[in-house]
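Please read the structure below before turning to the comments.
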Amino acid sequence: MPSFSAMCTVKNVVITATFLFTVVLGLCSPAEAAWRVAIFDFDDRLHEADTVAKYLEKILLEREPTLEIAHYSGKGEERTAVKTIKELDRAGYDLIVTITSDALILAKHFLKTTPTLYTNVNNPLFFGFSTLEAPGKNISGVSYYVPIMQQLEFFKTIQPQLRTVGFIFDEQNRSKQAEVGETRESCNTLGLKYVIRLITTPQELVPKVEELIEQGVDAVIVTTSETVYNNIRLFKFLCDRAGIPIYSYHRKAVEQGAVAALSSDYYLMVEKLLVPMALRVLREGISPGSMPAAFLHENLMVINLTEANRLGIHIPPEFLRQATKIY
């Protein structure tokens, strides 16, 4: 029969081996290694299909199947959004991704400890960032920003007789803060007269567009708020009656009858820019603040040739060759 000391030695070996096996198993176990990611959209789109948030989840899981991903919404209300963001910061997530300029503004103020990336935002310089290089403070991301000067030059090439432009902005959309000033500056540089109207609800679109037409605008430009570009059908008949085109800072407007738009592809932005940044944060432990803000180098050129022809507008052949999509 083995001595007591020998039995203790064997027992210690078994315990040590069991402990090491448990540690190794724990390190290798996908369930234990899973990172937790929260996706926060300021707007109420949790139950919609084909959103940027759902596409982001899909691509992240393709690249890192063990991720635990949860979706949250601010319901389009600042009070709800602030409460949710504060709760997320205390919830121990490895990464928070915010969607929209509204979400970025709140995240910059209320997310104190959790690594954060943003997407679907206008120029970050207009929202309190001092640089487009590595901003520090554990937050960075990707932007759909296309310089307004570039967009107006595009519209002016399509419509050389463009002299006075009417703009519709959503007063409640944070991107308005960035776009209005830059729009004025760009119009002044290009020698364009401009008339600006603000709306807060879709019901205000018709009277505001009527005011623009009464001011003698040569075109109406709708900006990057869903409240505006998703509701072109409400006022397009007014522009048709006046014989003036609609242009947009957002490509979805072209599907509804705008003649052209120059914009970023939100989904390509997620796949090519945001997901690689997220994986660096998770896998390498890199602070988002050490990464520069990212932009797509090639913009979407979307043209509604049917509308252009109906209005007698000649689209330059080079634009038709470059167009990402033609309706």
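In this note's numbering, the protein residues as written are 3 to 329. By construction, the Cβ of each residue, glycine as well, lies at the ideal position given by its N, Cα and C atoms. Predicted model, so just to flag it, every value in this text is computed and none were measured.
Out of ILE150, PRO204 and LEU194, the CA that lies nearest to the CA of GLU173 is found in PRO204. Under the three-pair Cβ rule at 8 Å, the segment 159 to 172 does not count as touching the segment 123 to 139.
Annotation: the continuous alpha helix (DSSP H) that includes PHE239 extends over 238 to 244. In terms of Cα proximity to ASN125, the closest of ASN140, TYR146 and LEU119 is TYR146. Between PHE169 and the set ALA244, LEU207 and TYR57, the nearest pair of CA atoms involves LEU207. When beta bridges are read from the DSSP output, MET303 appears opposite LEU264. Secondary structure remark: continuous beta strand (DSSP E) runs of at least 3 residues inside the segment 84 to 142, in chain order: 97 to 101 and 118 to 123. In the three-state scheme derived from DSSP, where H, G and I count as helix and E and B as strand, GLY218 is classed as coil. Taking a C-beta distance under 8 Å as the contact criterion, PRO137 and GLY291 qualify as a contact pair. In the three-state reduction of the DSSP assignment, ALA310 falls in the helix class, which pools H, G and I. Scanning its chain for C-beta atoms nearer than 8 Å, with the 5 sequence neighbours on each side dropped, one finds around THR86 the residues PHE42, TYR74, SER75 and GLY76, in chain order. By alpha-carbon distance to ASN190, the top candidate from GLU212, LEU154, GLU216 and SER177 is LEU154. In the three-state DSSP reduction, GLY183 falls in the helix class (H, G or I).
In this structure, MET303 sits near ALA325, with a CB-CB distance shorter than 8 Å. A straight-line Cα-Cα distance of about 35 Å links ILE328 and GLU66. A contact is defined here as three or more CB-CB pairs under 8 Å, and the segment 239 to 259 meets this definition with respect to the segment 295 to 314. In the DSSP secondary-structure assignment, VAL197 is bridged to GLY168. In the structure shown, the three-state DSSP call for PHE321 is helix. By the neighbour-count criterion, in which a residue is buried when 16 or more other Cβ atoms sit within 10 angstroms of its Cβ, HIS111 is exposed. Distance from the CA of ARG243 to the CA of VAL261, rounded to the nearest whole angstrom, comes to 15 Å. Setting aside the 5 residues that flank it on each side, ALA109 is surrounded in the same chain by PHE42, ILE87, ILE98, THR100, THR118, TYR120 and ILE141, each with a C-beta closer than 8 Å to its C-beta; the list follows chain order.
The beta carbon of ASP91 sits closer than 8 Å to those of ILE98, PHE112, LEU113, LYS114, THR115 and THR116, all from its chain and outside the five residues before and after it, given in chain order.
Around PHE157, the same chain offers TYR249 as residues with beta carbons nearer than 6 Å, after the five sequence neighbours per side are excluded. For VAL272, no alpha helix (DSSP H) run applies, since DSSP gives it neither H nor E. The beta-carbon distance between VAL144 and LEU276, rounded to whole angstroms, is 5 Å. This is short enough to meet the 8 Å contact definition.
Under DSSP, SER250 forms a beta bridge with VAL224 and ALA263. Each of GLN258, ASP96 and PRO149 was checked against the Cα of PHE297, and the nearest Cα belongs to PRO149.
Following the DSSP letters along the chain, one finds VAL283 inside the alpha helix (DSSP H) bounded by residues 277 to 286. In this structure, TYR95 lies away from VAL272, with their beta-carbon atoms at least 8 Å apart.
VAL197 is a Cβ neighbour of LEU214, given a cutoff of 8 Å. In the DSSP assignment, the residues bridged to LYS327 are VAL304. Separation of GLY218 and ALA93 (C-alpha to C-alpha, rounded to the nearest whole angstrom) is 54 Å. For TYR74, the enclosing beta strand (DSSP E) covers residues 70 to 75.
Non-local beta-carbon contacts of GLU212 in its own chain, meaning distances under 7 Å to residues more than five positions away in sequence, involve LEU240 in chain order.
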